[in-house]
Each structure stands twice: as structure tokens, then as C-alpha cells.
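Trainee: Residue numbers (my numbering), protein chains in the order written: chain H, 1 to 202; chain L, 203 to 359. Don't be surprised by glycine CBs; every beta carbon is placed ideally from N, CA and C. Bear in mind the structure is a predicted one, so any value in this text is a computation, not a measurement.
1. Write down the C-beta distance between residue 144 of chain H and residue 78 of chain H rounded to the nearest angstrom, noting that I regard them as a contact closer than 8 Å.
2. If you draw a straight line from the alpha carbon of residue 172 of chain H to that of residue 140 of chain H, how long is it in whole angstroms?
3. Which value, in whole angstroms, describes the spacing of the CA atoms of residue 346 of chain L and residue 270 of chain L?
4. In chain H, which residues lie with their C-beta within 8 Å of the C-beta of residue 341 of chain L?
5. By DSSP, does residue 224 of chain L sit in helix, in strand, or in coil?
6. Quick check: what's the CA-CA separation for residue 190 of chain H versus residue 163 of chain H?
7. What does the alpha-carbon distance come out to for the pair residue 14 of chain H and residue 21 of chain H?
8. Taking the alpha carbon of residue 169 of chain H as the reference point, which residue from H/197, H/110, H/99 and H/142 has its own alpha carbon closest?
9. Can a CB atom of chain H be found closer than 9 Å to the CB of residue 305 of chain L?
10. Need the endpoints of the alpha helix (DSSP H) that residue 119 of chain H sits in, please.
11. Rounded to whole angstroms, what is the Cα-Cα separation between residue 119 of chain H and residue 112 of chain H?
12. State yes or no: is the beta carbon of residue 251 of chain L nearer than 9 Å to at least one beta carbon in chain H?
13. Against chain L, which members of the region 93 to 121 of chain H pass a CB distance test of less than 7 Å?
14. Mapping the DSSP letters down to three states, classify residue 194 of chain H as helix, strand or coil.
15. Report buried or exposed for residue 35 of chain H, applying the criterion of at least 16 other Cβ atoms within 10 angstroms of its Cβ.
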């Protein structure tokens, strides 16, 4: 789901960088001292999760967890994802430095949007509504990231629909898996640490 | 403060659980490749999962030429062979159309012989697990610094 170096034109890279910077500043400004450890933990989880490959059929897919990061961190998902992607680019040549802003937006923006869309469900005290909200957030964040990748590739000159089709079809299993994982983690947190579900960094 | 230690503990347990469930699956999904002499220049491109970049588009450029010397697709195994016709820097740009790209280059001093050693994109010898631990350490380090900074700015207020 990352875009590599050398694919996108400078205008898209600059726009992505600007949006990522804005999101990161908002995230950092809204972050209280008490929330910093949580952001650190989620950054580490995101950094690790993208490197875990699950073999499915002849290929393999990796977890993204951006939906979960969005639910637990709100706006702080921007700085968290930015740092994790920077380290992935430096250590694993995953994405790249010049494309870091665009990749941050691709991962963080859908996570934030789906968090806000599902917030009434996630804040609900009813278990199944919370479950539906977390599944949609997990599923939708990956779906949104796939669409954004296709949009970026389309802006870079590729035709949108073939690229979007290939990317989205390839990520259908991970969307479902992400939805289920997000659902289980949020349901678990609801039982053991319900205050974690309301990030209050929103 | 105790509450945060508990949160940390919980999240760390979850993360470690993921690591233990998938111990052998800690692989990046970047791209990597090599150029070797083999009756010409043989390009091998793969994702860092080890899967070949099968059928990815490839363009070969000589020095700063804008028109590619050759273009086409890698084979099923992520291989591509071509014969440079002059000395200079030869660059291969590989793109799978799904956001993964790779750029490799090598210097050719005598295209007829192609006997010189060609550099390939090097990977550091640090294992993935070590890189992973380094990454996590940096994240916690940064969090600690930010936590301290937020604390001091709170005190100042």
C-alpha cells in the first residue's frame, strides 16, 4: 500500500507533504502529555504490523492497522504514522523519503475520516454497535488507503480504474482481516480498558 | 501515572503476541534488486518478501537519455537481460503499476567484454529483527523525549 520513490510527480509529493505536515502539527498540538505513551505504543505497533506478512494463497499480505491507530489516536494518527513510515523507509526501503508525506496521507487520512464517521458507533455503550463501528473503521481505513493510492497513481498519469481495480482486489482479504482484528482489539479494550477507546485527541 | 504503565503493559503484550504468532513473517514489503553480468546485464528485481516483481514494467536508460534504450516487462521470475551497446551509466527503472518501483544503475566501461565488477544495490548486513528493534527503540526514545518536553512545557505554564 506504499508508493515507492520515483513514481509521483513533484506537485503531488509537495501536496502530500503539506497535508501530512498539517495533520502532524494538529496531532502534536492536540496531544496531551498523558497521551504520549499511547501514541508511542501505537506507533511501534504500526511500524511492526506492516512488516508482518501473512501468506494467503500464492501471495502474501501484510497488516496495516491504520484503522486501529485512527480509533485509538484520533488526530495523533498523523504523527504516529509519519514516524513509523519514516523508520520503515530508512530501515526497510519501504516507500521512500520523498514520498513520505504522500504515504502518510494515504494511511492516516482514511483512518481519521473513518474514525470520525464511526465515532458515534465507537462511543456507543452497546457492544454490537461498537463492534460494527470498529469493523467499518478497520475495513474502511484500508479501503480508503487503496483508493488514495489509485488516485495518486492516476494523478501520476496511470489510468485510475485499472490501477484501482488491481489494488482494491489485491487488498480485499486484508480489508476483511483488518476489520476483524480491529473489532477484536476494540472489543477487548472495551472490556479491560474502556477509557482507551476514547482518544480525546480529536 | 500507574494507569499509563498499565496501558503500556497491555499494548506491549498485544504487540508481542502478534510477534509470537507470526515469528517467521517479519518481512518488509519494499523492493530490492541486483544487476549482474551474465551474457549481458541480468537484472533481478524482487520485493523484500522475496517474491519476484513478476511482469513489472522495466525501462533501460543510458546516461541521461530521455528515450529508453529498451523497455518491456520482467519475466515471471522478475528477470530481465539486455546488452549495453556503449560504455557509461546504465539505469533500469522498474515499476509494478501498484506503487512499487525500483531504480538500479551500474557502470559499464567495456560493453564488449562486460567483465568488470558491477556494483549492485547493497543491503546492510543488519538483520531484519535488529532493524525492527532499532526502529522500536527509536520510537520509544522519541516518545520519551516528547513526553518530557510536554511535561516541562506544562510546568512552565
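Mentor: Reading off the structure:
1. For the purposes of this step, residue 144 of chain H is taken as the residue at position 144 of the first chain. For the purposes of this step, residue 78 of chain H is taken as the residue at position 78 of the first chain. Not quite, the Cβ-Cβ distance comes to about 15 Å (not below 8 Å), so this is no contact.
2. Here the question's residue 172 of chain H lines up with position 172 in the first chain. Here the question's residue 140 of chain H lines up with position 140 in the first chain. Going by C-alpha positions, residue 172 of chain H is about 11 Å away from residue 140 of chain H.
3. Walking along the second chain from the start, residue 346 of chain L turns up at place 144. Walking along the second chain from the start, residue 270 of chain L turns up at place 68. Each residue's Cα considered, the two are about 49 Å apart.
4. Sequence index remark: in the second chain, residue 341 of chain L carries index 139 (1-based). Those are 40, 43, 44, 47, 83, 84 and 87, listed as they occur along chain H.
5. One-based indexing of the second chain puts residue 224 of chain L at position 22. Residue confidence for residue 224 of chain L is low, a pLDDT of 47 falling below 50, so the modelled location carries little weight; the figure read from the coordinates is stated next. Residue state, collapsed to three classes: coil.
6. Counted from its first residue, the first chain places residue 190 of chain H at position 190. Counted from its first residue, the first chain places residue 163 of chain H at position 163. The C-alpha of residue 163 of chain H is placed about 38 Å away from the C-alpha of residue 190 of chain H.
7. Here residue 14 of chain H refers to the residue found at position 14 when the first chain is read from its first residue. Here residue 21 of chain H refers to the residue found at position 21 when the first chain is read from its first residue. Pairing residue 14 of chain H with residue 21 of chain H, the inter-Cα distance amounts to about 10 Å.
8. Locating residue 169 of chain H in the first chain gives position 169, counting from the first residue. Per the Cα distances, H/142.
9. If you number the second chain from 1, residue 305 of chain L lands on position 103. It does: the Cβ of residue 305 of chain L has a partner Cβ on chain H nearer than 9 Å.
10. Locating residue 119 of chain H in the first chain gives position 119, counting from the first residue. Under the DSSP assignment, residue 119 of chain H falls in the alpha helix (DSSP H) whose first and last residues are 100 to 122.
11. If you number the first chain from 1, residue 119 of chain H lands on position 119. If you number the first chain from 1, residue 112 of chain H lands on position 112. Roughly 10 Å separates the two Cα atoms.
12. Residue mapping note: residue 251 of chain L aligns to position 49 of the second chain, counting from 1. With 9 Å as the cut-off, residue 251 of chain L counts as an interface residue toward chain H.
13. Listed by position along the chain: 93 and 94.
14. Position 194 of the first chain, counting from 1, holds the residue named residue 194 of chain H. Residue 194 of chain H falls in the helix class under three-state DSSP.
15. To locate residue 35 of chain H, count along the first chain from 1; it is residue 35. Residue 35 of chain H is buried by the Cβ-count criterion.
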